[in-house]
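Colleague: My questions will all concern the structure given below.
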Amino acid sequence: MPTVLLLGATSDMAVAIARKMAAKGFSIQLAGRNASRLQPLQSDITVRFNVSASVHEFDAVDFNSHNSFFNSLPIKPDITICVFGYMSDNEVARTNWSEAERTISSNFTGAVSILNIVANHYAQQKAGVIVGISSVAGERGRQSNYIYGSAKAGFSAYLSGLRNRLFREGVHVLTVKPGFVYTKMTEDLKLPALLTAQPDQVADAVYQGIINKKNSIYVKWFWRWIMLIIKTIPEFMFKKMKL
Ligand SMILES: NC(=O)c1ccc[n+]([C@@H]2O[C@H](COP(=O)([O-])OP(=O)(O)OC[C@H]3O[C@@H](n4cnc5c(N)ncnc54)[C@H](OP(=O)(O)O)[C@@H]3O)[C@@H](O)[C@H]2O)c1
Numbered sequence: 326m327p328t329v330l331l332l333g334a335t336s337d338m339a340v341a342i343a344r345k346m347a348a349k350g351f352s353i354q355l356a357g358r359n360a361s362r363l364q365p366l367q368s369d370i371t372v373r374f375n376v377s378a379s380v381h382e383f384d385a386v387d388f389n390s391h392n393s394f395f396n397s398l399p400i401k402p403d404i405t406i407c408v409f410g411y412m413s414d415n416e417v418a419r420t421n422w423s424e425a426e427r428t429i430s431s432n433f434t435g436a437v438s439i440l441n442i443v444a445n446h447y448a449q450q451k452a453g454v455i456v457g458i459s460s461v462a463g464e465r466g467r468q469s470n471y472i473y474g475s476a477k478a479g480f481s482a483y484l485s486g487l488r489n490r491l492f493r494e495g496v497h498v499l500t501v502k503p504g505f506v507y508t509k510m511t512e513d514l515k516l517p518a519l520l521t522a523q524p525d526q527v528a529d530a531v532y533q534g535i536i537n538k539k540n541s542i543y544v545k546w547f548w549r550w551i552m553l554i555i556k557t558i559p560e561f562m563f564k565k566m567k568l
């Protein structure tokens with residue numbers, strides 16, 4: 326059975342995606358920066374879904390370790406899902422460089438570093454699937470969230486370029502823009518219930534996106550239209566808005 330690698334596997338979305346893919350019979354590789362925290366999930370997946378699950382130490386911002394991390398995987402994954410990310414408080418990141426730098430490296434540079442390695446492997450074997458969890462925040466910079474948003478914009482552009490490069494090699498690249506999701510990342514925010522998805526809905530959308538070879542998906546359909554409206558507001562008006 327094919328193997329799925331989850332990068333940032335302690336994330337609430339990754340947990341839901343891991344369970345969904347295991348339920349469909351995939352073997353699961355859980356990678357995170359504290360492997361011991363992943364062991365309960367590993368046991369749960371193995372027992373509940375009767376598939377193989379393994380745990381691997383992975384830090385997205387330890388760029389120099391990424392080659393040895395990928396080389397050390399006992400089985401190379403057929404599908405790699407890049408879930409890790411970090412959302413800073415924009416006001417803090419405006420004045421505190423280490424917070425801005427962490428936001429950029431956790432959402433963009435780290436993803437480029439590991440996915441370059443995965444992409445080269447998939448290009449060589451002429452098969453594979455790369456999924457990136459990006460964000461609608463990357464579609465237009467807003468005053469409340471532009472440091473995180475610009476890192477996600479970079480990540481979306483990277484995935485788009487990767488898709489263009491790898492299409493002829495038979496490699497599928499899927500960009501996921503979840504909209505708001507109830508997870509640890511957003512637990513302090515007051516999110517509008519109607520616009521907010523559960524991690525299980527993200528997992529369903531990711532699975533369907535892989536099966537149907539989609540290029541880019543929103544988890545809840547109306548985000549496509551919300552973002553279309555936001556993107557078409559003329560800049561002379563947009564810059565005056567409190568967003
Ligand atoms: N929640 C939303 O509304 C929303 C919307 C759009 C996009 N997203 C994106 O969805 C993805 C998953 O986020 P989530 O909502 O599920 O939040 P989450 O539960 O807070 O997950 C974030 C994950 O990123 C991991 N991570 C951060 N820095 C890392 C590093 N240097 N190395 C390895 N792992 C690292 C965290 O690991 P630790 O457990 O070790 O901290 C955590 O597992 C993120 O990319 C996020 O930007 C979220």
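Counting in our numbering, the sequence shown runs from 326 upward without gaps. Using N, Cα and C, we set each Cβ at its ideal position, and we do this for glycine too. None of these values were measured; they are calculated from a predicted model.
1. Taking the straight line between their C-alpha atoms, what separation do you get for Arg358 and Glu382?
2. Need the endpoints of the beta strand (DSSP E) that Val496 sits in, please.
3. Straight-line CA distance for Tyr473 to Gly466?
4. With a threshold of 7 Å on Cβ separation, who are the neighbours of Phe351 within its own chain once the five nearest residues in sequence on each side are excluded?
5. Please determine, among Ser423, Gly534, Leu331 and Gly435, the residue with the shortest C-alpha to C-alpha distance to Ser379.
6. Does the Cβ of Pro503 have 16 or more other Cβ atoms within 10 Å, making it buried, or fewer, making it exposed?
7. From the DSSP output, in three-state form, read off Leu332 for me.
8. My assumption, with CB atoms under 8 Å, is that Asn415 sits in contact with Ser469. Please give the rounded CB distance.
9. Arg493: which of Thr508, Gln449 and Lys509 sits nearest, CA to CA?
10. On the criterion of 16 or more Cβ atoms from any shown chain inside 10 Å, does Ala452 qualify as buried, or is it exposed?
11. How many whole angstroms separate the CB atoms of Ile455 and Tyr447, which I take to be in contact at a CB cut-off of 8 Å?
12. Less than 6 Å between the CB of Met425 and some heavy atom of ligand 1, yes or no?
13. Is it a yes or a no for the region 508-520 touching the region 483-500, going by three-plus beta-carbon pairs under 8 Å?
14. With the cut-off set at 7 Å, would you say Ile370 and Val531 are in Cβ contact?
15. From what residue to what residue does the beta strand (DSSP E) around Ile455 run?
16. Rounded to the nearest angstrom, what separates Ile353 and Pro559 at their Cα positions?
17. For Tyr532, is the beta carbon positioned less than 6 Å from some heavy atom of ligand 1?
Modeller: Considering the structure as presented:
1. Taking the sequence shown and counting its residues from 1, one reaches residue 358 at position 33. Taking the sequence shown and counting its residues from 1, one reaches residue 382 at position 57. Going by the C-alpha atoms only, they are around 5 Å apart.
2. For the purposes of this step, residue 496 is taken as residue 171 along the sequence shown, with counting starting at 1. Looking at the DSSP string, the run of the beta strand (DSSP E) that includes Val496 is Val496 to Lys502.
3. Here residue 473 refers to the residue found at position 148 when the sequence shown is read from its first residue. Here residue 466 refers to the residue found at position 141 when the sequence shown is read from its first residue. Those two C-alpha atoms are separated by around 9 Å.
4. Reading the sequence shown from its first residue, position 26 is the one you call residue 351. Met326, Pro327, Thr328, Val329 and Val376, listed in sequence order.
5. As a working mapping, residue 379 is identified with position 54 in the sequence shown. Minimum Cα distance to Ser379 is reached at Leu331.
6. Along the sequence shown, one-based indexing puts residue 503 at 178. Buried, because 16 or more other Cβ atoms sit within 10 Å of the Cβ of Pro503.
7. Translated into positions along the sequence shown, residue 332 becomes position 7. Three-state DSSP puts Leu332 in a strand.
8. Reading the sequence shown from its first residue, position 90 is the one you call residue 415. Reading the sequence shown from its first residue, position 144 is the one you call residue 469. At roughly 6 Å, the Cβ-Cβ gap stays under 8 Å, so Asn415 and Ser469 are in contact.
9. By one-based count along the sequence shown, residue 493 stands at place 168. If we check each option's Cα against that of Arg493, Gln449 comes out closest.
10. Position 127 of the sequence shown, counted from the start, is the residue given in the question as residue 452. Label assigned to Ala452: exposed.
11. Working through the sequence shown from its first residue, we reach residue 455 at position 130. Working through the sequence shown from its first residue, we reach residue 447 at position 122. With 8 Å as the limit, Ile455 and Tyr447 qualify as a contact, their Cβ atoms being about 7 Å apart.
12. As a working mapping, residue 425 is identified with position 100 in the sequence shown. First, the residue type needs correcting, since residue 425 is Ala and not Met in the sequence shown. It does not: the Cβ of Ala425 is nowhere closer than 6 Å to a heavy atom of ligand 1.
13. no
14. Position 45 of the sequence shown, counted from the first residue, corresponds to residue 370. Position 206 of the sequence shown, counted from the first residue, corresponds to residue 531. Cβ atoms of Ile370 and Val531: not closer than 7 Å.
15. Along the sequence shown, one-based indexing puts residue 455 at 130. Counting along the chain, the beta strand (DSSP E) containing Ile455 begins and ends at Gly453 to Ile458.
16. Residue mapping note: residue 353 aligns to position 28 of the sequence shown, counting from 1. Residue mapping note: residue 559 aligns to position 234 of the sequence shown, counting from 1. Roughly 45 Å separates the two Cα atoms.
17. The residue you call residue 532 lines up with position 207 of the sequence shown. Tyr532: no, Cβ never under 6 Å from ligand 1.
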